[in-house]
Amino acid sequence: MIEISAKDVRHWQKEIIEYRDEKGKPYSQSYLATLHAQLSAIFNHAVKFYDLKNNPAKIAGSMGSKRGGNIMFWTQEQYKAFIECVMDKPLSFYGFEMLYWCGLRIGELLALRGEKLILTPKTAKSVRTIYMPEFLNEEMEELINSMYEPDGKERIFPLSKRYFQHEMERGSEMSGVPKIRLHDLRHSHVSLLINMGFSALEIAERMGHESVRITYHYAHLFPSKQLEMINKLD
């Protein structure tokens with residue numbers, strides 16, 4: 012680590028920023044910012060405890076942006092158009108219903124079982140009770156009742172992340188809605204809650220955000236109160 016200079020870090024940053032995958036897509040701004048933050052944290056640790064002279068990542072400067080650009084999501088109308096196109100596959104239909112109406116992470120969905128099972132969560136706040144609307148509760152009862160002798164220990168969705176990615180692409184193409192990522196269904200749920208008038212604190216609790224500051228990443232989705240203010244002033 013002593014041999015790594017700020018110039019080396021800048022060279023590494025250039026390679027990471029210029030990277031493109033097989034589809035020509037670069038890393039997101041938020042991912043770039045996270046990479047740099049983690050590298051800088053390692054150097055800070057060495058400065059504090061192992062007498063490293065300075066932090067070359069700090070000298071080189073950051074890359075990316077914590078804001079991560081525009082958050083992609085579907086409106087409720089777009090989701091309804093999409094879900095109609097995957098109803099031919101029950102597990103796809105029920106899985107996407109859970110992702111959209113509960114704001115689950117894909118890993119949380121794939122880990123669901125018929126009995127309570129505690130696994131190591133992403134964060135402490137990830138251990139939470141998520142209440143479902145009545146219609147979704149009925150849909151999940153239909154799914155579980157259709158399973159062959161469920162014993163409570165088997166996964167409700169014995170599928171893979173790749174399966175749902177493929178189904179999302181299929182449904183997007185058939186319905187004509189914009190293509191988004193699986194994780195963007197979680198963003199879509201947040202957008203829905205914002206439009207329903209819930210506060211950032213309430214949304215953070217439901218989503219399992221470690222801090223309400225994470226919820227404020229969606230600040231631009233919260234409707235402006237300017238017109239409401241003017242109307243009340245009038």
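First residue of the sequence shown? That's 12 in the working numbering, and the numbers climb one at a time after it. Glycine is no exception: its CB is placed at the ideal position from the N, C-alpha and C atoms. Since the structure is predicted, the reported quantities are computational estimates derived from the model, not experimental observations.
Taking a cut-off of 8 Å on C-beta distances, the segment 86-93 does not touch the segment 149-158, as fewer than three cross pairs fall below it. Between the beta-carbon of glycine 219 and that of arginine 139 there is about 5 Å, and that keeps the pair under the 8 Å contact cut. Within its own chain, the residues whose Cβ lies closer than 6 Å to the Cβ of leucine 50, once the five positions on either side in sequence are excluded, are Ala68, listed in chain order.
In the structure shown, arginine 124 falls within a strand segment according to DSSP collapsed to helix, strand and coil. Listed as beta-bridge partners of arginine 166 by DSSP are Arg124. When Cβ pairs closer than 8 Å are counted between the two stretches, the segment 141-152 is seen not to touch the segment 53-62, the count staying below three. Restricting attention to alpha helix (DSSP H) runs no shorter than 4 residues, the segment 83-114 encloses them at 87-94 and 101-113, ordered along the chain. Phenylalanine 209 sits in coil when the DSSP states are folded into three classes, being neither helix nor strand. At a Cβ-Cβ threshold of 8 Å, glycine 106 and phenylalanine 60 do not count as neighbours. Shown here for tryptophan 112: same chain residues with a beta carbon closer than 8 Å to its own, the five before and five after excluded, namely Met143, Pro144, Leu147 and His200 in chain order. Taken through DSSP and simplified to helix, strand or coil, leucine 63 comes out as coil.
Taken atom to atom, the span from the alpha-carbon of isoleucine 214 to that of serine 39 is near 24 Å. Between the alpha carbons of glycine 114 and arginine 124 lies a distance of about 17 Å. Short of 6 Å from the beta carbon of valine 20, and not among the five residues preceding or following it, lie these beta carbons of its own chain, in chain order: Pro67, Ala68 and Ala71. The Cβ atoms of leucine 102 and phenylalanine 168 lie closer than 8 Å to each other.
Cβ-Cβ separation between arginine 192 and methionine 83: approximately 7 Å, consistent with a contact (criterion under 8 Å). Sequence-distant partners of glutamate 178 (beyond 5 residues in either direction) whose C-beta falls short of 6 Å from its own C-beta, in its chain, are Val97 and Ser103.
In this structure, glutamate 150 keeps its C-beta atom at 8 Å or more from the C-beta atom of glutamate 119. Rounded to the nearest whole angstrom, the CA to CA distance from isoleucine 28 to threonine 86 is 31 Å.
Around the C-beta of histidine 198, 16 or more other C-beta atoms lie within 10 Å, and the residue is accordingly described as buried.
Listed in chain order, the non-local C-beta contacts of glutamine 24 below 6 Å within the same chain comprise Met74, local neighbours out to five positions each way being set aside.
Counting along the chain, no alpha helix (DSSP H) covers serine 73, and no H or E run does either.
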